[in-house]
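Please read the structure below before turning to the comments.
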Amino acid sequence: MGVTGIFAQRATLRRSLRLLAEFRFEQSEPARFYGALAADTAGMVEDLWRAMTGRSLGGRTVLDVGGGPGYFAAAFHRAGAGYIGVEPDQSEIHAAQPVVARQAGTFVRASGMALPFADDSVDICLSSNVAEHVPRPWQLGNEMLRVTRPGGLVVLSYTVWLGPFGGHEMGLTHYLGGARAAARYARKHGHPAKNNYGSSLFDVSAADGLDWAASTGAAMASFPRYHPRWAWWMTSVPGLREFAVSNLVLVLSPR
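Here the UniProt record's numbering is used: the first residue of the sequence shown is 1, the next is one more, and so on.
In structure tokens:
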């Protein structure tokens, strides 16, 4: 069956359409959107873990790099996992304190490119949509591998630059070039984008991630995060994957 086998059964067109519909509420109802995304992500991680080990997440330690204000903590808490969130932005940590306060999670202010944890100290390390926001994404990936015990699970998911959501709030203008899109956004809105090209948003390709994963010797699988299973073949086609994959998941297990 492989490490993706259980999750592949849930990766249906209905799931893809449901998540796309929730995306409409990212700005107006963030709790609704991020709550749904967190629940889906926890389910994906549990499916991968169960396929690899035959066990549930109960009692496992999950380190979430760039976990934000607590929605992911809630989802993993419900799955029975011990949750540690790493977030460099203090405002993000405090953005949903009522959510955080209700959960048995630990939150640490730190950079994902220099994780303040010992080698081999967690069972599972997750990074959801962070790699495109740091200048050295594969340093982040190497840190994730370092802190995960041998036989553990690393799940690194990121938005591919040339996909339709690569520009984030800049929309499809990123196809004009990152710097040009950033300047256009600032002129139109009177301030830089939150995800500003060159400072908090970077050009990360699918090929970059696949090459890094292969170089580690720990790669197990890769697939488009939000696509139905029958569209996963796109990941293996150079060129096409840069535009069609949208969000790439890299699954690794340290030796």
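Don't be surprised by glycine CBs; every beta carbon is placed ideally from N, CA and C.
Remember, it's a predicted structure, so these values are computed and weren't measured experimentally.
State yes or no: is the C-beta of residue 147 within less than 8 Å of the C-beta of residue 63? As a working mapping, residue 147 is identified with position 147 in the sequence shown. As a working mapping, residue 63 is identified with position 63 in the sequence shown. Closer than 8 Å, so yes.
So the candidates are 195, 252, 229; which of them puts its Cα closest to the Cα of residue 216? For the purposes of this step, residue 216 is identified with residue 216 of the sequence shown, where counting begins at 1. Of the candidates 195, 252, 229, the one whose C-alpha sits nearest the C-alpha of residue 216 is 252.
Tell me which same chain residues have a C-beta within less than 6 Å of the C-beta of residue 98, skipping the five on either side of it? In the sequence shown, counting from the first residue as 1, residue 98 sits at position 98. Note on residue 98: pLDDT 49, under 50, position unreliable in the model; the coordinate value appears next. In the same chain as residue 98, and ignoring 5 residues on each side of it, no C-beta atom comes closer than 6 Å to its own.
So, is residue 107 buried or exposed, given that buried needs 16 or more other C-beta atoms within 10 angstroms? Numbered from its first residue, the sequence shown carries residue 107 at position 107. Around the CB of residue 107, 16 or more other CB atoms lie within 10 Å, so the residue is classed as buried.
Range covered by the beta strand (DSSP E) that runs through residue 108: Numbered from 1 along the sequence shown, position 108 holds the residue referred to as residue 108. In this chain, the beta strand (DSSP E) harbouring residue 108 covers 105 to 108.
Cβ-based burial, residue 143 [other Cβ within 10 Å; buried from 16]: Along the sequence shown, one-based indexing puts residue 143 at 143. Residue 143 is buried by the Cβ-count criterion.
Are residue 3 and residue 52 close, meaning C-beta to C-beta below 8 Å? What you label residue 3 is simply residue 3 of the sequence shown in a count that begins at 1. What you label residue 52 is simply residue 52 of the sequence shown in a count that begins at 1. It is a contact, given that the beta carbons lie within the stated cut-off.
Which same chain residues end up closer than 7 Å to residue 150 when comparing Cβ atoms and leaving out the 5 residues on each side of it in sequence? Residue 150 sits at position 150 when you count from the first residue of the sequence shown. Once the five neighbours on either side are set aside, the close Cβ partners of residue 150 are 120, 254, 255.
Let me see if you follow: with CB-CB separation under 8 Å, is residue 180 close to chain E or not? The structure shown contains no chain E; it holds only a single protein chain.
So, under 8 Å CB-CB, residue 39 and residue 57 are touching, yes? Tell me the CB distance rounded to an integer number of Å. Here residue 39 refers to the residue found at position 39 of the sequence shown. Here residue 57 refers to the residue found at position 57 of the sequence shown. A Cβ-Cβ distance of about 13 Å is found for the pair residue 39 and residue 57, leaving them out of contact under the 8 Å criterion.
Taking only the alpha-carbon atoms, compute the straight-line gap between residue 196 and residue 135 and give it to the nearest angstrom. As a position in the sequence shown, residue 196 is number 196, starting the count at 1. As a position in the sequence shown, residue 135 is number 135, starting the count at 1. Residue 196 and residue 135 have their C-alpha atoms spaced approximately 12 Å apart.
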